[in-house]
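Here is the structure we will look at, set down as structure tokens.
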Amino acid sequence: MRKRIMVIGPTGSGKTTLCHKINGYDGPLRKTQDMIFGKYTIDVPGSYLDNPWMYKHLISAALNGASQIVLLVDAKSRREDYSHGFAKVFNCPVTGVITKCSPESECAPRCEEQLKKTGVKKPWFYINSQDDEVGMEKLKDYLFSLALDGGENEIYNRK
Ligand SMILES: Nc1nc2c(ncn2[C@@H]2O[C@H](COP(=O)(O)OP(=O)(O)O)[C@@H](O)[C@H]2O)c(=O)[nH]1
Ligand SMILES: [Mg+2]
């Protein structure tokens, strides 16, 4: 099976929006309770983060289907959605992305602190899908370049 970019984050943090951008799809946003396998992505429902007993399902899905993880922090939310060191359970690269915010915003330090506590190493990316195509392109280039290092994935032939 082709390995994909697995996008993890709380409900409403922008996972589906990001997956659509990565896949070059601009249809409507839909809400589901299932993992959605897109062309290059796996869109994981936020409910997987709500219960620690769901983590094992998340981890096994990642082992089977993901070449890398994208972990989202929603700058508009004040909740801490990840347990300490959560990112370290994955045996593939984990990229931290802060949505709905820019590095200059006052929410930035709080979000970066959350990524740090979750165990996500730099580089971290900021996207604001509403008005920042540059940030999105930078992130996509980075994710596809990670994929290029990896092997048989179809993503690897994109450029
Ligand atoms: N301002 C802003 N809104 C966003 C961003 N990404 C997603 N949204 C909005 O946040 C809401 C939830 O997005 P969605 O992709 O469905 O989140 P999901 O529940 O994580 O899949 C939608 O109304 C999106 O338009 C972003 O980067 N900036
Ligand atoms: Mg969604």
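Residue numbers (the working numbering): 1 to 159.
We put the CB at the ideal spot given by N, CA and C, even for glycine.
To the nearest angstrom, how far is it from the Cα of residue i to the Cα of residue j?
i, j, result
"T32", "S145", "29 Å"
"L63", "V94", "13 Å"
"L148", "Y142", "10 Å"
"D81", "V73", "8 Å"
"Y48", "L29", "19 Å"
"R160", "E137", "Past the edges of the chain, shown from 1 to 159, lies residue 160, and the structure says nothing about it."
"S105", "M54", "33 Å"
"K159", "E112", "Bear in mind that the predicted position of K159 carries a pLDDT of just 41, short of 50, making it unreliable; the figure below should be weighed with that in mind. Each residue's alpha carbon lies about 31 Å from the other."
"K116", "F125", "13 Å"
"C92", "I36", "20 Å"
"K56", "R79", "22 Å"
"D34", "D50", "14 Å"
Note the first and the last residue of the continuous beta strand (DSSP E) segment covering residue i.
i, result
"Y142", "Element bounds for Y142: not the beta strand (DSSP E) but the alpha helix (DSSP H), E133 to L148."
"T175", "Residue 175 is absent from the structure shown; the chain starts at 1 and stops at 159."
"R110", "Looking at the DSSP string, R110 is not in any beta strand (DSSP E); the run it does join, the alpha helix (DSSP H), is A108 to T118."
Given a cut-off of 8 Å, decide if residue j and residue i are closer than it, judged by their beta-carbon atoms.
i, j, result
"G65", "G119", "no"
"G46", "T16", "no"
"V89", "I59", "yes"
"A75", "C107", "yes"
"S83", "P123", "no"
Going by DSSP, what residues sit across from residue i in a beta bridge?
i, result
"Y126", "I98"
"D34", "D34 pairs with nothing; no bridge assigned."
"R2", "Note: R2 sits in no beta bridge, so no partner."
"V73", "I98"
"V7", "D43 and V70"
Excluding the 5 residues flanking residue i on each side, which residues of the same chain have their C-beta closer than 8 Å to its C-beta?
i, result
"N128", "T99, K100, C101, S102 and G135"
"M6", "T41, I42, V44, A61, A62, G65, A66, Q68, I69 and V70"
"K140", "K21 and I22"
"D26", "H20"
"S164", "Since the first residue of the chain shown is 1 and the last is 159, residue 164 is not available in this structure."
Counting only the same chain and skipping the five closest in sequence on each side, list residues whose C-beta sits under 6 Å from that of residue i.
i, result
"E154", "The pLDDT assigned to E154 is 48, lower than 50, so where the model puts this residue is not dependable; a value taken from the coordinates is nonetheless given after this. Closer than 6 Å at Cβ, skipping near neighbours: R2."
"G9", "K15 and L72"
"C19", "V7, G38, T41 and D43"
"G151", "In this predicted model, G151 has a pLDDT of only 48, less than 50, meaning its place in the structure is not dependable; the value taken from the coordinates is given anyway. So no residue of the chain qualifies."
What residue range is occupied by the uninterrupted alpha helix (DSSP H) comprising residue i?
i, result
"T16", "K15 to N23"
"L63", "Y55 to G65"
"D50", "S47 to D50"
Skipping 5 residues on each side, what residues in its chain have a beta carbon closer than 7 Å to that of residue i?
i, result
"K39", "N23"
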